[in-house]
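All letters in the sequence shown, in the order written, are residues 1 to 156 by the UniProt record's numbering.
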Amino acid sequence: MLLDEIQHHSFQTGFLILANAASGMAVHDDCKLKFLELKAKRTYRFIVFKIEEKLKQVIVEKLGDPTQSYEDFTSSLPENECRYCIFDYDFVTAENCQKSKIFFIAWSPDTARVRSKMLYASSKDRFKRELDGIQVELQATDPTEMALDVIRGRAN
1 MLLDEIQHHS FQTGFLILAN AASGMAVHDD CKLKFLELKA KRTYRFIVFK IEEKLKQVIV
61 EKLGDPTQSY EDFTSSLPEN ECRYCIFDYD FVTAENCQKS KIFFIAWSPD TARVRSKMLY
121 ASSKDRFKRE LDGIQVELQA TDPTEMALDV IRGRAN
């Protein structure tokens, strides 16, 4: 009863208690499997993950095939909803070497619901631990914070 009152009050005041969100959020096996396929076999250019709140689980929402561009990836993200993303960025170094970096992007637009932003923020570290091989992490609240120029700059 007391917990219900605290949660109700927290919601009313704009602060939500998510003590169990980080520890209680499951990660669907498919998330790890698709990430391993991207990392080892380069089967995908990007993966978009979504927290399925009813299931209390992170699931794969979208897969981008290797021919898709960064623009295809960014246009696949919802404008007003949070997501976790993996993007496999290919580039050529100043020494003319072909390289690749795996980016983890926490997409949390300013226009998303406060509850959603808090849920994604509190579950991020737990989720990232499941994906071994992330090389660069990026937090974006609007498209300019994850523009291709930003990605290029962070890859070097």
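Heads up, the beta-carbon is just placed ideally off N, CA and C, and yes, glycines get one too.
The beta carbons of D65 and Y44 sit closer together than 8 Å. In the displayed model, D149 falls within a helix according to three-state DSSP. Here L148 is exposed: its Cβ has fewer than 16 other Cβ atoms, across all protein chains shown, within 10 Å. Under the three-state reduction of DSSP output, Y70 falls in the helix class. Residues E79, N80 of the same chain have their beta carbon placed closer than 8 Å to that of T111, with the five preceding and five following residues left out of the count. DSSP places S100 inside the beta strand (DSSP E), whose first and last residues are 98-107.
The C-beta distance from K34 to L63 rounds to 6 Å, short enough to fall under 8 Å.
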